[in-house]
Amino acid sequence: ILNVEQSPQSLHVQEGDSTNFTCSFPSSNFYALHWYRWETAKSPEALFVMTLNGDEKKKGRISATLNTKEGYSYLYIKGSQPEDSATYLCALTNTGNQFYFGTGTSLTVIP
Amino acid sequence: EPEVTQTPSHQVTQMGQEVILRCVPISNHLYFYWYRQILGQKVEFLVSFYNNEISEKSEIFDDQFSVERPDGSNFTLKIRSTKLEDSAMYFCASRQPQGANQPQHFGDGTRLSIL
C-alpha cells in the first residue's frame with residue numbers, strides 16, 4: 001500500500017482569495033499522479049494527470065505542479081469562487097492500474 | 112459528453128445476501144476499475160480490469176468479490192455473502208488505454224447499505 005497524504009484536511013477561504021493545498025506521496029516507482037475535483041452527490045471529475053517531474057498543468061484558475069523527486073504536488077486555485085467548493089482528491093499510481101487516493105482536501109469558498 | 116453510469120444508485124441488502132453492482136463504462140474505454148469509500152474514510156482501490164481479466168487487485172478484493180464484463184458493455188461487481196462492513200459507496204471508473212496520461216472517468220456511485 002502506498003501512503004498518499006493530503007493537507008490540509010479542510011480549508012475555508014473568502015471569495016476572491018487564492019489558495020493551495022498539498023499532496024504528498026512516496027517518490028519511488030512513480031508513474032502518474034491524478035488530481036480530481038469531487039462535488040457532493042456527484043462523481044469525481046478529473047482535473048489533471050501529471051507524469052513528469054517539474055510538470056505544471058493549468059485549467060482556468062486552477063493549476064498544479066509536480067515534484068516526483070521529493071514526492072509532492074501542489075494544487076493552486078487563483079481567485080477562489082463559491083463554485084470551487086468541493087473536495088480535491090489526489091491519486092497516485094505506480095503501475096497505471098492500481099491507484100492510491102489521499103483523504104482529500106475539502107474546500108469551502110465563502111461568498 | 113459520454114459518462115460512466117452506475118446502477119442502482121442505492122442498494123439495501125440483508126447481511127449474508129449477494130449483491131451485484133452494475134456499471135456501464137464509456138464505450139471506447141478499455142480499462143475499468145472499482146473503488147469503494149467507507150463513510151469518512153479514503154477512497155480505496157478494489158480492482159482493475161483489462162482485456163477481460165483482472166489486471167490488479169487490492170487486499171480488500173478477496174474471494175468474496177468478483178468482477179465480470181458479461182456482454183461487452185456492462186462491468187459488474189459481485190459481492191457474495193455481504194457483511195455489515197461492506198456498507199460503503201462503490202464507484203466504477205473507466206479510462207482509455209493510451210498510457211499514463213489518460214484520466215479515469217467516474218460514475219456517480221452506488222451506495223450499498225447492509226442491514
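Going line by line, the protein sequences match chains A and B.
Numbered as in our numbering, the first sequence ends at 111 without a single skipped number.
Numbered as in our numbering, the second sequence ends at 226 without a single skipped number.
Just so it is clear, CB atoms sit at the ideal spot from N, CA and C, and this is done for glycine as well.
Bear in mind that the values here come from a model prediction, so they are computed numbers and not experimental data.
Shown in chain order are the members of the stretch 27-51 of chain A whose Cβ falls below 7 angstroms from a Cβ of chain B: Y31, A32, H34, K42, S43, P44, A46, V49 and T51. DSSP places A/E39 in the coil class of the three-state scheme, outside both helix and strand. Taking the CA atoms as reference points, A/K59 sits about 15 angstroms from B/N212. Excluding its 5 nearest sequence neighbours in each direction, A/N29 has C-beta neighbours in its own chain below 6 angstroms: N94, listed in chain order. Within chain A, the residues whose beta carbon sits less than 8 angstroms from that of B/Q213 are V49, listed in sequence order. Taking 9 angstroms as the CB threshold, B/H216 lines the interface with chain A. B/R191 places its beta carbon less than 9 angstroms from that of B/S177.
Secondary structure at B/L195: helix, using DSSP grouped into helix, strand and coil. Of the residues assessed, B/P214 falls on the buried side of the cut-off, its CB having 16 or more other CB atoms within 10 angstroms.
Taken atom to atom, the span from the alpha-carbon of B/F160 to that of B/F202 is near 14 angstroms. Shown here, A/E83 sits in a helix according to DSSP, grouped into three states.
Not one beta carbon of chain A lies nearer than 9 angstroms to the beta carbon of B/Q122. When the beta-carbon positions are compared, B/P136 and B/S205 come within less than 9 angstroms of each other.
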